[in-house]
Amino acid sequence: MQYLFTERAHLMCPHMNFGVVMSVRAPYEEERVRKAMKRLYAAHPFLNALLDYERETNAYYCRVTDRPTAELKLKAREIPDAGDPEVLREYGELTSRDWDLFAEGMLKTVVWPMKEGICFLLTFHHLLADGRGALGLARELADCYAAGIQPGFAEEKLIASADEFPKDSRMSFISRFMIGLANKKQAKEQKILSYPEYHAFADAFLKKDKVSYSVLRTCEEETEKLLKVCRENGVTLNDYLLAKMMIEERTKKVIMACDLRGRLGCYTEGALGNYSTAFSVEVKETGTDPYVLAKAVHRKVQRKMNRPRDLYLVLQCYSNLDPAALDAAFMACRGDYPSKSGKFVGSVFLGFDAPRGYSITNLGKINNECIAAAYFIPPASPAVRKTQGVLTVNGQMTVCTSER
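Per this note's numbering, the sequence shown starts with residue 241, numbered consecutively.
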């Protein structure tokens, strides 16, 4: 049993899904698929978990059951490759409703036969994993299915308290003051949004809030050229992508996701769960040269990465806000739930009042002999207008964009 702590922010918020699509170099065999998935379920307890609630403490937790709760769907129709439009259509269908996490698991897998290989669509709820954890699970599945490599058991231990953050990551006075205001409002209201009430609202909201997805692939040669120019300019590929989005969207601020696995003592190698944060990258420089702007972005990113107060700000906010105010944040902003504290948190801290933001989640690059191609479908947070999910596999970079 693992209690939600910082993950509470992903609980009562729609569009908390994302996906990994990959084609694997092995023939499609139904029994082989089932066997590989069974091995994954045995290695990762959260693939057998449901959400549960402790009324006395208003706490939610992952309850591991004695059976797999993840869903597996096998398709009969053969597709040419992982870029077939049916894959994104299926993802859109899976995420067009709010999953009832008390009754269904947090992973849904769809599998297609291909002329040369097999295609997997892994659709995650954010409570199950972050993007890096999802990619790790996808790699385990590919290695297990194509090469027969047994996934290793990984104890899953979520962030349990702010004590797991560095001492020098304490929030600034103004941030503590604002959170204090939100918590006082919540203490005065004494209102708790129930999960069934949220679930009904989110289900209706998702039917109206349409998100479109597109995929852009860059071949190995072009990806290497881009990396070479980035190195010559002293910037990373991620710096370049952030700068490019700023120019194209005419914005000076982009939200960047960041993996904290190497910095958190609670993380076990290979475990599912959320071990990531995010921070805004905002620069004053202007212009249309992406490499000039990328240099300014690089300086800002490095500064934030090396300042715990900036790097852990989002997680510190989640951990210090009253959970009931976090629960109410979205519905108070976009529904008819009368909570001043929820509306304050949703608008001031989370930007839920309208989708204005832009963000990038770059899962980095991997090499894997079992995977022919793969891409990452990013979450479509209701606070964000456009998000790009970036993944480079065997030298080929793919950018999947979700936008309203």
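We treat Cβ as the ideally placed atom computed from N, Cα and C, and that holds for glycine.
From a predicted model like this one, the values you see are computed outputs, not experimental measurements.
Considering only C-alpha positions, which residue in the set the options is nearest to residue i?
i       : options                            : result
Asn-298 : Leu-381, Phe-245, Ile-399          : Phe-245
Glu-356 : Tyr-293, Leu-367, Val-264          : Val-264
Gly-513 : Arg-539, Gln-430, Arg-372          : Arg-372
Pro-618 : Pro-285, Asp-370, Glu-294, Thr-309 : Asp-370
Phe-519 : Ala-614, Arg-549, Gly-604, Val-532 : Arg-549
Gly-259 : Ala-249, Lys-535, Gln-636, Leu-603 : Leu-603
Asp-567 : Arg-501, Gln-430, Met-545, Thr-458 : Gln-430
Leu-433 : Pro-578, Arg-503, Tyr-531, Leu-312 : Pro-578
Ile-399 : Leu-631, Ala-613, Cys-557, Tyr-515 : Tyr-515
Val-506 : Leu-590, Gly-635, Ala-394          : Correcting the residue identity first, residue 506 is Cys in this sequence and not Val. Answer by Cα proximity: Ala-394.
Tyr-531 : Arg-471, Ala-322, Tyr-615, Leu-555 : Arg-471
Val-537 : Gly-502, Gly-474, Phe-570, Ala-511 : Gly-474
Met-485 : Asn-546, Met-252, Thr-458, Thr-641 : Thr-641
Val-455 : Arg-503, Leu-631, Lys-605          : Leu-631
Lys-465 : Val-261, Met-637, Met-262, Ala-276 : Met-637
Thr-627 : Gly-635, Phe-616, Asn-634          : Phe-616
In the DSSP assignment, find the beta strand (DSSP E) that holds residue i and state where it starts and stops.
i       : result
Cys-359 : 357 to 365
Thr-463 : Careful: Thr-463 lies outside any beta strand (DSSP E), inside the alpha helix (DSSP H) at 460 to 472.
Tyr-268 : Counting along the chain, Tyr-268 falls outside any beta strand (DSSP E), and DSSP gives it neither H nor E.
Leu-291 : 289 to 294
Met-354 : 347 to 354
Tyr-615 : 611 to 617
Lys-605 : 597 to 606
Assign residue i to one of three DSSP states: helix, strand, or coil.
i       : result
Gln-628 : strand
Arg-303 : strand
Val-554 : helix
Glu-643 : strand
Met-496 : strand
Val-327 : helix
Lys-313 : strand
Arg-549 : helix
Leu-251 : coil
Thr-526 : coil
Phe-286 : helix
Thr-638 : strand
Tyr-531 : helix
Ser-454 : strand
Tyr-577 : coil
When you measure from the CB of residue i to every non-hydrogen atom of the ligand GDP, does any distance come out below 7 Å?
i       : result
Ile-600 : The ligand GDP is absent from the structure shown, which contains no ligands of any kind.
Just curious, the alpha helix (DSSP H) that residue i is in, first and last residue?
i       : result
Ala-400 : Ala-400 -> no alpha helix (DSSP H), and no H or E assigned at all.
Asn-423 : 413 to 429
Ser-520 : Unbroken run through Ser-520 is the beta strand (DSSP E), 516 to 522; no alpha helix (DSSP H).
Ser-581 : 580 to 584
Gly-371 : 371 to 387
Glu-489 : 477 to 489
Asp-443 : 435 to 448
Met-571 : 563 to 574
Which whole-angstrom value describes the C-beta separation of residue i and residue j, a residue pair presumed to lie in contact below a C-beta threshold of 8 Å?
i       : j       : result
Arg-337 : Tyr-300 : So it is not a contact: roughly 20 Å between Cβ atoms.
Asp-562 : Gln-426 : 4 Å
Ser-581 : Ala-422 : 5 Å
Met-256 : His-250 : 5 Å
Thr-305 : Ala-283 : Actually they are not in contact, since the Cβ atoms of Thr-305 and Ala-283 sit about 16 Å apart, beyond 8 Å.
Met-262 : Phe-360 : 5 Å
Glu-344 : Glu-311 : 7 Å
Pro-267 : Ile-358 : 7 Å
Quick one: any contact between the region 472 to 486 and the region 316 to 329, if contact means 3 or more CB pairs under 8 Å? Taking one beta carbon from each stretch, the region 472 to 486 and the region 316 to 329 have fewer than 3 pairs nearer than 8 Å; the two do not touch.
Take every Cβ of the region 490 to 498, pair it with every Cβ of the region 594 to 614, and state whether three or more of those distances are shorter than 8 Å.
Output reads yes: the region 594 to 614 touches the region 490 to 498.
- Message: Between the region 330 to 339 and the region 289 to 296, can you find at least three pairs of beta-carbon atoms closer than 8 Å?
- Response: In the pairwise beta carbon analysis, the region 289 to 296 is classified as not touching the region 330 to 339: fewer than three pairs are separated by under 8 Å.
| Sufficient close CB pairs (3 or more, under 8 Å) joining the region 619 to 633 to the region 583 to 592 | Counting C-beta pairs with one atom in each stretch, the region 619 to 633 and the region 583 to 592 have three or more that are closer than 8 Å, which means they touch.
Item to check | Meets three-Cβ-pair contact criterion under 8 Å: the region 351 to 365 and the region 388 to 397 | outcome: Verdict: no, contact absent.
Would you check if there are 3 or more beta carbon pairs closer than 8 Å linking the region 396 to 411 to the region 335 to 349? No, the region 396 to 411 does not touch the region 335 to 349.
Exercise. Taking 8 Å as the threshold, find out whether the region 560 to 577 comes into contact with the region 440 to 455 through three or more Cβ pairs.
Key: Touching, yes.
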